[in-house]
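Following: one structure in structure tokens, then a few remarks.
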Ligand SMILES: *Cc1c(COP(=O)(O)O)cnc(C)c1O
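Numbering (our numbering), first residue to last: 138 to 533.
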């Protein structure tokens, strides 16, 4: 039986390799942090993790996880509604609600599941979902699972969004869906303008805050803080797998009735296991820390400004960003791979992205800043960028 498809799969794999698109995993043998150790023994500065607040290896979160292992055990062996809900799960949902200034929250195993389980229960044939063209894969998949009519607008293009809204003006319900921060450029969704259009055309708004929660806004409350729209967005999804500790877990937070219906109908919530107590308790600790101080956001914003301004001074072409993502534009795919390899030799771990991950001719290196980066780390990375940039003729 396997013979025929085996050959087919081998051919597929071969063509992925031929196209230069084969993804290899790099082995890390240390905790996730500003400095990581690779399996080769090499220690490198990490500029490609979503560890924006430096919490992935934070002692307070490790302690909270340990405490919960002892108080609530290792696994839940159940979905939420059968016997998978502890007091910790309810507390974490409450903390997320307070953090975003929403009405209620539902936890998922990952944001991929939150986005996968949001559209199908809420929208059907008579409804329209209008989605930014650069939205995350999990939104695209989630939209596909619903029967609603689908529309797309060019990334952050408000003229195009308005054109789509006019097209769907007779739909029963309309929802505009956008990432808060787009992961390849680091640009934020123009939520102020989206909000105006949503009002004008009677549409709901959903924002995926995966790359913006914890990061964007003075206190890290995300794009709703940046645009002073706290409580004005109907649905927010996010992850505990990026700034918020980096382990795993997703959530949907927003209007009370939306969340209540998701608990009844959302398939990844109903048919997938409950988050383990250790992860949940670390999440609670994390939101308690966020409620006390925004020191980590201050550090992250300072690091980001410092790094980007020095890169621009050095002559690099940097995409405008309002997040902790800095896209160093190189335009050429091969150059982006060479550049990243040379940086690794200099002890700087970054990734070069090229088509089809980004548009044709838009190859780049994506740098992700963290509150965990020390000034010396930033200076070492800057020196390496300048050295390699000069030797590859990217800057003078
Ligand atoms: C990372 C990411 C996700 C997926 O989050 P997980 O919790 O890792 O599943 C969803 N949406 C966006 C915009 C993301 O960046």
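Glycine included, C-beta positions come from ideal geometry on N, C-alpha and C.
With contacts defined as CB atoms closer than 9 Å, residue 423 and residue 377 qualify as a contacting pair. Separation of residue 335 and residue 293 (C-alpha to C-alpha, rounded to the nearest whole angstrom) is 14 Å. Beyond the five residues adjoining it in sequence on each side, residue 474 comes within less than 6 Å, by CB distance, of 489 in the same chain, given in chain order.
Contact between the segment 422-441 and the segment 267-276 is not established, with fewer than three Cβ pairs separated by less than 8 Å. Closer than 8 Å to some heavy atom of ligand 1: that describes the Cβ of residue 379. For residue 216, the closest alpha carbon among the candidates 357, 404, 518, 511 is that of 404.
As a beta-bridge residue in DSSP terms, residue 465 pairs with 455, 502. Boundaries cannot be given for residue 240, as no beta strand (DSSP E) includes it and DSSP labels it neither H nor E. Residue 524: member of the alpha helix (DSSP H) spanning 512-528, first to last residue.
Between residue 225 and residue 267, the C-beta gap is not smaller than 9 Å, which leaves the two residues out of contact. Taking the C-beta atoms as reference points, residue 515 is found nearer than 9 Å to residue 444.
As for any beta strand (DSSP E) of minimum length 3 sitting wholly inside the segment 359-431, the runs are 372-376, 387-391, ordered along the chain.
Under the three-state reduction of DSSP output, residue 329 falls in the helix class. Looking at the backbone, the Cα of residue 503 and that of residue 465 are separated by about 6 Å. Here the C-alpha atom of residue 353 lies approximately 18 Å from the C-alpha atom of residue 185. About 7 Å separates the Cβ atoms of residue 181 and residue 481, confirming a contact at the 8 Å cut-off. The C-alpha of residue 493 lies about 33 Å from the C-alpha of residue 412. Residue 145 has its alpha-carbon roughly 42 Å from the corresponding atom of residue 460. In the three-state reduction of the DSSP assignment, residue 282 falls in the coil class, being assigned neither a helical nor a strand state. Between residue 371 and the set 523, 259, 249, the nearest pair of CA atoms involves 259.
Judged by their CB atoms, residue 348 and residue 297 are not nearer to each other than the 9 Å cut-off.
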